[in-house]
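Colleague:
Number of protein chains: 2
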Amino acid sequence: MITVAIIGSGNVASHLTNAFLKASDIRLVQVYARNIETIKHLEGKTSISNHLENLCAVDVTIIAVSDDAIQEVSANIKQGLVVHTSGSVAMSALQNSGRKGVFYALQSFTKKQEIDFSTIPFCLEAESVKDLQLLESITNSIGKSVYHINSKQRKKLHLAAVFVNNFTNYMYSIGHSICEENEVPFKILLPLIKETAKKVTLISPKEAQTGPAKRNDQETIAAHLENLNSQQQKIYTLLTKSIQEN
Amino acid sequence: MITVAIIGSGNVASHLTNAFLKASDIRLVQVYARNIETIKHLEGKTSISNHLENLCAVDVTIIAVSDDAIQEVSANIKQGLVVHTSGSVAMSALQNSGRKGVFYALQSFTKKQEIDFSTIPFCLEAESVKDLQLLESITNSIGKSVYHINSKQRKKLHLAAVFVNNFTNYMYSIGHSICEENEVPFKILLPLIKETAKKVTLISPKEAQTGPAKRNDQETIAAHLENLNSQQQKIYTLLTKSIQEN
Chain V
346 MITVAIIGSG NVASHLTNAF LKASDIRLVQ VYARNIETIK HLEGKTSISN HLENLCAVDV
406 TIIAVSDDAI QEVSANIKQG LVVHTSGSVA MSALQNSGRK GVFYALQSFT KKQEIDFSTI
466 PFCLEAESVK DLQLLESITN SIGKSVYHIN SKQRKKLHLA AVFVNNFTNY MYSIGHSICE
526 ENEVPFKILL PLIKETAKKV TLISPKEAQT GPAKRNDQET IAAHLENLNS QQQKIYTLLT
586 KSIQEN
Chain L
346 MITVAIIGSG NVASHLTNAF LKASDIRLVQ VYARNIETIK HLEGKTSISN HLENLCAVDV
406 TIIAVSDDAI QEVSANIKQG LVVHTSGSVA MSALQNSGRK GVFYALQSFT KKQEIDFSTI
466 PFCLEAESVK DLQLLESITN SIGKSVYHIN SKQRKKLHLA AVFVNNFTNY MYSIGHSICE
526 ENEVPFKILL PLIKETAKKV TLISPKEAQT GPAKRNDQET IAAHLENLNS QQQKIYTLLT
586 KSIQEN
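Order-wise, the sequence lines are chains V and L.
Plus 345 on top of the position in the first sequence (first one is 1) and you've got my numbering.
Plus 345 on top of the position in the second sequence (first one is 1) and you've got my numbering.
(1) DSSP on L:Thr513, reduced to helix/strand/coil?
(2) Taking 8 Å as the CB-CB cut-off, is L:Glu470 touching chain V?
(3) Give the secondary structure of L:Lys445 by DSSP, where H, G and I count as helix, E and B as strand, and everything else as coil.
(4) Quick check: is the beta carbon of L:Ser518 nearer than 8 Å to any beta carbon in chain V?
(5) Identify each residue in the stretch 538-549 of chain L for which the Cβ-Cβ distance to at least one residue of chain V is less than 9 Å, and report them in chain order.
(6) Along the chain, which unbroken stretches of the alpha helix (DSSP H) at least 4 residues long are found entirely within the stretch 456-489 of chain V?
(7) If we cut at 8 Å on Cβ distances, does V:Ile533 have a partner in chain L?
(8) Let me know the secondary structure DSSP gives L:His493 once reduced to three states.
(9) Against chain V, with Cβ distances strictly below 8 Å, would L:Ala453 count as a contact?
(10) With DSSP as the reference, label L:His569 as helix, strand or coil.
(11) How about V:Gly593: is its C-beta nearer than 8 Å to some C-beta of chain L?
(12) Give the DSSP-derived three-state secondary structure of L:Ile523 in the structure shown.
(13) Which value, in whole angstroms, describes the spacing of the CA atoms of L:Asp476 and V:Tyr449?
(14) Rounded to the nearest angstrom, what separates L:Asn356 and V:Lys489 at their Cα positions?
(15) Going along chain V, which residues have a C-beta under 9 Å from L:Ser587?
(16) Taking Cβ-Cβ distances shorter than 9 Å, what residues in chain V pair up with L:Gln440?
(17) Would you please verify whether the beta carbon of L:Cys401 is less than 8 Å from any beta carbon of chain V?
(18) Are the stretch 437-457 of chain V and the stretch 468-475 of chain V in contact at 8 Å, needing three or more beta carbon pairs?
(19) What do you get for V:Ser463, buried or exposed, if any count of 16 or more other CB atoms within 10 angstroms of its CB means buried?
(20) Any Cβ of chain L within less than 8 Å of the Cβ of V:Thr430?
(21) Assuming L:Ala378 and L:Ser354 make a contact with CB atoms under 8 Å, what is their CB distance in whole Å?
(22) With 9 Å as the limit, tell me which residues of the stretch 497-511 of chain V have their beta carbon closer than that to any beta carbon of chain L; keep them in chain order.
(23) So with CB distances below 7 Å, who are the chain L contacts of V:His569?
(24) For L:Val376 and L:Leu480, what's the separation of their Cα atoms in angstroms?
(25) Give the interface partners of V:Lys489 over in chain L, defined as CB-CB distance under 8 Å, in chain order.
(26) The alpha helix (DSSP H) that contains L:Gln577, what's its start and end?
(27) Kindly indicate which residue of V:Glu540, V:Asn380, V:Arg499 and V:Thr513 has the alpha-carbon position closest to the one of L:Asn527.
(28) Decide yes or no for the touch test of the stretch 363-372 of chain L against the stretch 569-583 of chain V: beta carbon pairs closer than 8 Å, at least 3 of them.
(29) For L:Val507 and V:Gly556, which I take to be in contact (beta-carbon distance under 8 Å), what is that distance rounded to the nearest angstrom?
(30) Looking at the secondary structure, which residues open and close the alpha helix (DSSP H) in which V:Ile381 lies?
(31) What does V:Lys551 reach in chain L if we use C-beta pairs closer than 8 Å?
(32) Taking C-beta to C-beta, are L:Leu584 and L:Ala558 nearer than 8 Å?
(33) Taking one C-beta from the stretch 535-546 of chain V and one from the stretch 450-457 of chain L each time, how about it: are there three or more such pairs within less than 8 Å?
(34) Which residue marks the beginning of the beta strand (DSSP E) containing L:Ser394, and which one marks its end?
(35) Could you tell me if V:Thr546 is buried or exposed, where buried requires 16 or more neighbouring beta carbons within 10 angstroms of its beta carbon?
(36) Starting from L:Ile494, find everything on chain V with Cβ-Cβ shorter than 7 Å and list it in chain order.
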């Protein structure tokens with residue numbers, strides 16, 4: 346039985362808390378949050394606290410707070426393996442004097458939606474093989490997809506994730522605006538969105554690229570530009586040029 | 346029983362041909378292609394031809410050729426309802442003297458991959474209610490998702506599709522490049538790609554927007570820009586600015 350504490354009450358922290366409470370090989374000893382109200386509902390299931398000086402001794406403390414709070418929070422933890430859950434912060438940012446690691450679940454968490462951890466890649470890092478194995482054991486108790494990713498790689502992975510998640514969602518957003526302005530239901534586009542995401546599980550994005558930019562269909566490109574506002578035109582032009590140069 | 350002919354041998358034409366050959370309420374009377382070799386495999390299943398003057402009389406002729414060939418091809422068809430399958434061409438572009446319509450299946454077709462027509466939205470247009478019903482009957486024989494979309498709306502829908510399909514795929518492509526350059530397997534990103542596509546079936550893209558741009562996390566944005574090539578920087582900067590202004 347591995348003992349775990351979670352620091353934080355945001356999206357990642359609350360999803361991990363729920364998963365660990367159900368996991369049979371993990372004992373979630375404590376959850377900490379600055380504002381105790383945000384974790385009050387956990388009372389009876391685990392020990393809760395809003396005092397960093399009252400943290401219990403556990404095998405692994407998981408810091409799931411905002412990036413800029415990781416340093417300060419980690420400095421307060423005296424014992425065990427201390428890991429953070431951030432994609433963009435280096436392991437070396439942890440300020441505890443003891444063992445350090447990273448436990449990064451690569452997914453877009455939202456509080457309301459349930460998360461199926463069995464489909465989520467866990468990107469692990471630690472200073473020793475033993476600690477890496479400890480993190481693997483924790484991962485296997487709630488998920489099954491494990492990668493060893495160092496701080497430099499994780500930084501790049503996080504950057505790649507901005508493109509395939511945040512910027513992709515923004516492409517959906519522009520599509521949504523165009524539909525709304527023309528009284529076309531956005532749901533017509535959902536099967537295409539799904540298929541586009543599915544295609545890159547089978548072939549590389551480069552092979553999957555289609556469209557007027559790829560075909561250099563100047564007539565369609567010109568007609569499209571006429572139907573966009575100035576900001577959308579800038580985006581369309583830059584992405585078209587970039588697709589053609591690649 | 347509705348009789349149908351298909352003009353073309355590209356992606357859309359060949360997927361429709363396969364679907365109609367299996368449909369019980371449709372008799373696919375003829376397939377035409379400029380190059381007969383491309384449809385030779387259909388011999389025995391339907392009549393094939395590479396002479397536009399030899400087209401059979403059918404209820405509906407479906408023109409599934411490249412956008413710029415639609416006018417010329419349609420001018421040769423003397424009878425029945427004539428429809429094209431293009432997202433970006435107006436119904437009025439058809440040059441046949443008789444009845445006109447549009448039969449636009451909104452999906453990204455690739456020849457190798459099988460298509461499940463039951464999930465694909467068919468955007469129909471015709472000059473009369475009777476012809477619209479005829480196109481609905483054809484659609485229902487191979488699919489089940491029908492929308493009435495006029496030429497102006499279809500043009501906008503096609504433009505929206507460029508964003509959610511072509512440009513989204515290009516976001517995947519940049520993510521893929523970043524992974525490759527840093528020896529991180531791209532497949533780590535696939536669950537996130539899938540989840541991003543799924544999320545907009547539940548909430549609007551605007552509500553689903555997350556990331557450093559949305560949070561105005563200047564530190565992360567600056568760190569990301571440092572790790573991109575100049576073209577990627579331009580895209581990152583433009584999209585970040587655009588997300589923040591919206």
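For every residue, glycine included, the Cβ atom is placed at its ideal position computed from N, Cα and C.
Computed from a predicted structure; not experimentally measured.
Modeller: Taking the geometry as given:
(1) helix
(2) no
(3) strand
(4) yes
(5) Ile538, Lys539, Glu540, Thr541, Ala542, Lys543, Lys544, Val545, Thr546, Leu547, Ile548 and Ser549
(6) 474-487
(7) yes
(8) strand
(9) Note that residue 453 of chain L is Ser in the sequence shown, not Ala. So yes, L:Ser453 belongs to the interface.
(10) helix
(11) The requested residue 593 of chain V is not part of the displayed model; chain V covers only 346 to 591.
(12) helix
(13) 56 Å
(14) 38 Å
(15) Tyr515, Ile519, Gln576, Gln577, Lys579 and Ile580
(16) In chain order: nothing, as chain V lies at least about 17 Å away.
(17) no
(18) yes
(19) exposed
(20) no
(21) 4 Å
(22) Lys497, Gln498, Arg499, Lys500, Lys501, Leu502, His503, Leu504, Ala505, Ala506, Val507, Phe508, Val509, Asn510 and Asn511
(23) Leu504 and Val507
(24) 18 Å
(25) Correct list: empty, because the minimum Cβ distance to chain L is about 12 Å.
(26) Ser575 to Glu590
(27) V:Arg499
(28) no
(29) 6 Å
(30) Premise fails: V:Ile381 is in no alpha helix (DSSP H) and is neither H nor E.
(31) Ser518 and His521
(32) yes
(33) yes
(34) Ser392 to Ser394
(35) exposed
(36) Val529
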